[in-house]
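Scroll down for the structure; my scribbles are underneath it.
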Amino acid sequence: MKLSPLFRATLLSAAISTALIGCTEDNGGMSQEDIQYISHLDQSRFFQRQGELKASTLEARSAIELQPQNADPYFVIITNLVTAGDAVNAERQLDTLLDELPEQSLSPDILNRAALIRAETQTMQAQFDQALATLDSLNNPDRAQELQAALLRGKVYLASAELGKSEEAYTQAKELDGSSVLPLIGLSRVAFARNDKQQVQSLIEQANAIDPQDPELWLWKAQFAQSQGEWETSENAYIKALEDIGQFDVMTYRKYETISALIRVLREQGKVAEAFVYEEILAKSAPGTIKSNMAAAREAFTNGDLESAGRYLEEILAQSPSHEQSAMLLGMIRFRQGRAEEAEALLAPIAEQGDSTEVSKLLAATRLEMRDAEGARELLENLEGSQSDPDILALVGIASLASGDISTGEGFIEKSLELNPDNDSLRLRYATYLAQKGDPSKALRLARETMERNPDLDQARLLIIKIYMDTGDRDSATESANAWVKEQPDNVSALLTRGQLAGAAGDSEEARNYFNQARETAPQDPSPLIALGNLAGSQNDEEAQKRFFREATIMAPDNRQALQGVTSALSREETIALMQQIMESQPQAVGPRLVLLEAALMDGNDAEADDYTANLLEQTDANHPSQQAPMVAAIYNGVATRLARGEQFDLAGKVLNRGRILFPDNQDIALQSVLLAYSQGDEDQAQDILQDVKRLHPESPRPFLTEANYRASQGDHKAAAELYRLALDKKDDVQTAIAYSRSLQRAQMTDQAIATLEEATNRHPDNETIMLSLAMLYQETGKNDRANQAYEKVLQLSPDNILALNNLAWMYHENGDSRAIDLAERAFRLNPQSGAVADTYGWILFSSGRHDESLPVLEKAYELAPEVDEIALHLAEAYKATGQEDKARQLLSNM
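Everything in the sequence shown is counted per the numbering used here, starting at 644 for the first residue and increasing by one.
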């Protein structure tokens, strides 16, 4: 191996140092560690100069391991990142360095070096204002640092098209070092921007006189010649530039751009073969592989092939783990695939940088999918434009509703729709929520508005019809369905909906006609067959029901409704036989295997269960789990639950043990195993499994909640409270806070229970559930004034909250407040089937002297809850007051 003179000199220097150390006891105060550190640092700088950035970085890391408090090796690594073109990671590493170095180590020289690197990375990212501000922060720079700063200012101003300022900066650089070609190159570029070709050439000649072999000069000559169409001159200059730029052992951004420019020049000359050689170099390089994989991923994503897109992106991330575009797109793909935890792991590190609002939105949507409403809301509320961006407002609104902050959530969603009225999806989701909440008129208005804006949106019409049916307006529902069928006679959803309305009205013949019409319209759609099967079942026509569900399942063996229908209509033996038949004719079908797996597990047939499981979990490649894995895990968990409920504990344990082996990271299966162990009195086994879950899922509150619920069921409320607190530390959840307070109260720690809910209301000021729990706790502990205020706050948030209306009415009544009767009446109108609510209203009527009016209400209360003595006593008093002593005596004797 032939060594370069410089390398031989470095080895000689090291040898002399070693020889001197061996010959004297006094080494000038340098330890062996110091010498090793200097050696690694020197080697890192040598490899850096030679273009061997990988070796340079490894040597610098070795130096850091020896003396992590010294900044020099960190700067080597950061400079290598800048050279490679990775400005984002270079800036992050710089931030880490400045955060971790002791303050006393941050000398003016180190801070200046850091500022120059930061300015360069900001320039690379086109953050020109920030770069200039960073350069202004330099403090008494030395001459070399002044030169570097002037050159960077010239570059920034040139990129910003501020040519006068750029010329001033390059002129200053020239005055600082008249022997450098870089200021002249910069001034030549300024002249080019002014279209002064004569000055461009003059400055190039001046630079050429100083150092004709400078790679920057060759690169500028190549670029200038290319702009003039002088292809051969440009080609030769690019090749000369690459002699230096191309020396790096990694494909730097500058090297990639230079080769790309050379390829264009070669193609302009018709030199296709030469161009192809360079194209192959780029294609096989890391940036080339990333570029081609990114293009392939985007194309696959656009075509809806999420699996292929994901594979391309994983290849990029395996090669470049910090490639943010790949992580963002893969996070989006995982979100759309329903793999929320993987999406969160990809998106969270990017969102933490705070550079992308879109990533934060997607991460928030992912957390909502994971039922982490508070995490989503916390992420969104700090985003820039959170009060004006309709997407952010919509997500915050959904997160607020999910966490129980009703008024806040509704306000955000309505503001989002006001800013973006074209968001039909959000309007429809909001209308559905309002219908479920019990506000049909507003829901109907929003659904109609959506239908008018988008007549082809089936969901809007379906919601309108559902609202009419839920409110008992069958005529309007039928009228809407008729209009839909008339407008869109070939719409299968319209025909099926009209048929279902006919069936609900008892006209089975009309229903059958509509279902058959839908079947003729879409002969390959299983939905009409499923509808006919359900209709036959409602008429107790078992043969027809079996026939239709068989047909639907054979047509679409992976259709959930078809599978549910056929398993309910056929006997167990018939179902298994049909599934086996479909497997033979359609071996790619998943549904039948899932059904057969469930049957084998229920029967304890290990061989068959293992066979079906292995088939369903077969991976398409080594790096990707089977798409069926979540469904298989759910079947293991579901079967174990059913077996346990049927008191087949041994078989349930066997299924869960197998499930834990197959799915070691599945919390559902593990925690179901814990519950089974508790039910069998095996607390040691339960604790062992809980420890495993905590180790595998250190951020999950679920193992703490599972144990807390068990301790509470055993009456150990103090232990339960501590576990709820730990769960609350993991995730701020409304129900966990309430459970924590309840356990504290039952552990005779009432003040702490109240404090817990008060703190929770501070974190969730618009959450009616927490406020209601606090009001009830105040009431139970005799803090009536606070209870009144809390109940009133609940009614501000949710005016139709029946429990708050009822309890506040009673408290008003006890205080002689005339508002009691109105609140009690509202509660009774909203829920006339509650004995407690009817008793409150009836007794307040009675107490106000309206004895005759109170009587039917109190009779209703007694009819609904005859076992409650207080209600019977109230009714007896009403009988006495209305002259019905015999009824009163009879009632009291029954007690």
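The C-beta atom is built at its ideal place from N, Cα and C for all residues, glycine as well.
Buried or exposed by the 16-neighbour rule on C-beta atoms within 10 Å, applied to residue i
i       : result
Arg1354 : buried
Thr1196 : buried
Val725  : buried
Ser1211 : exposed
Arg1536 : A small fix is needed here, since residue 1536 is Ser in this sequence, not Arg. Per the 10 Å Cβ criterion, exposed.
Ile1304 : exposed
Gln675  : exposed
Phe690  : buried
Phe919  : exposed
Lys697  : exposed
Ile853  : exposed
Leu840  : According to the sequence displayed, residue 840 carries Lys and not Leu. The residue in question, Lys840, is exposed, as its Cβ has fewer than 16 Cβ neighbours within 10 Å.
Gly1115 : exposed
Pro1171 : buried
Thr739  : exposed
Arg1236 : buried
Met894  : buried
Span separating the alpha-carbon of residue i from that of residue j
i       : j       : result
Tyr680  : Asn783  : 29 angstroms
Arg796  : Leu775  : 7 angstroms
Lys1523 : His1456 : 21 angstroms
Thr1121 : Ile1049 : 33 angstroms
Gln856  : Leu744  : 40 angstroms
Leu1144 : Ala1154 : 8 angstroms
Gln842  : Gly807  : 15 angstroms
Lys1530 : Asn1405 : 52 angstroms
Leu1540 : Leu737  : Given a span of 644 to 1538 for the chain in the structure shown, any question on residue 1540 remains unanswerable.
Ala986  : Thr945  : 19 angstroms
Ile707  : Leu1038 : 45 angstroms
Pro1475 : Glu1152 : 37 angstroms
Gln686  : Ala988  : 37 angstroms
Asp759  : Ser682  : According to the sequence displayed, residue 759 carries Leu and not Asp. Computed Cα separation, rounded: 26 angstroms.
Glu1227 : Lys1297 : 29 angstroms
Ser1384 : Leu1319 : 27 angstroms
Ala1382 : Asn1280 : 26 angstroms
Asp1168 : Arg1162 : 7 angstroms
Gln1102 : Lys1129 : 17 angstroms
Tyr800  : Ala769  : 11 angstroms
Ala970  : Ala952  : 12 angstroms
Ser1046 : Phe1347 : 20 angstroms
Leu1239 : Glu1290 : 22 angstroms
Gln791  : Ser803  : 18 angstroms
Ala816  : Val833  : 14 angstroms
Neighbourhood of residue i by C-beta distance below 6 angstroms, restricted to the same chain and skipping five residues each side
i       : result
Ala1187 : Ala1179
Gly1247 : Leu1294
Asn1449 : Ala1470, Val1480, Thr1483
Alpha helix (DSSP H) segment containing residue i, residue limits
i       : result
Arg1014 : Note, Arg1014: premise wrong, no alpha helix (DSSP H); not H, not E.
Asn1450 : 1445-1457
Ala706  : 696-709
Gly829  : 825-836
Leu1213 : Segment: none, Leu1213 is in no alpha helix (DSSP H) and carries neither H nor E.
Ser1031 : No alpha helix (DSSP H) contains Ser1031, which DSSP labels as neither H nor E.
Met1274 : 1272-1288
Leu1565 : Outside the displayed range of the chain (644 to 1538) lies residue 1565, so it cannot be described from this structure.
Ala983  : 983-995
Sequence-distant residues of the same chain with beta carbon closer than 7 angstroms to residue i, five excluded per side
i       : result
Lys864  : Ile847, Ala880
Ile1487 : Ala1452, His1456, Ala1463, Ile1464, Ala1467
Asp1133 : Thr1164
Thr1393 : Thr1424
Asp1201 : Ala1232, Val1233, Gly1234
Lys883  : Trp861
Residue-level contact to chain C via CB, residue i, 9 angstroms cutoff
i       : result
Asn1474 : In summary, chain C is missing from the structure at hand, where a single protein chain is found.
Cβ-based neighbour list, residue i, same chain, cut-off 8 angstroms, excluding 5 preceding and 5 following
i       : result
Asp1376 : Glu1017, Pro1344, Ala1370
- Query: Which runs of the alpha helix (DSSP H), 4 residues or longer, sit entirely within the segment 931-980?
  - Reply: With a minimum length of 4 residues, the continuous alpha helix (DSSP H) runs that stay inside the segment 931-980 are 949-962, 967-979.
- Note down, one range per segment and in chain order, each alpha helix (DSSP H) of at least 4 residues found wholly within the segment 1325-1362. You should have 1326-1339, 1345-1356.
- Only counting runs of 3 or more residues, tell me where the beta strand (DSSP E) segments fall wholly within the segment 1176-1209, in order along the chain. Listed in chain order, there is nothing to give.
- Segments assigned alpha helix (DSSP H), at least 4 residues, entirely inside the segment 701-761: Within the segment 701-761, the complete alpha helix (DSSP H) runs of at least 4 residues fall at 715-727, 730-743.
- Within the segment 1395-1440, ranges of the alpha helix (DSSP H) (whole runs, at least 4 residues): List check, alpha helix (DSSP H) in window: 1411-1423, 1427-1440.
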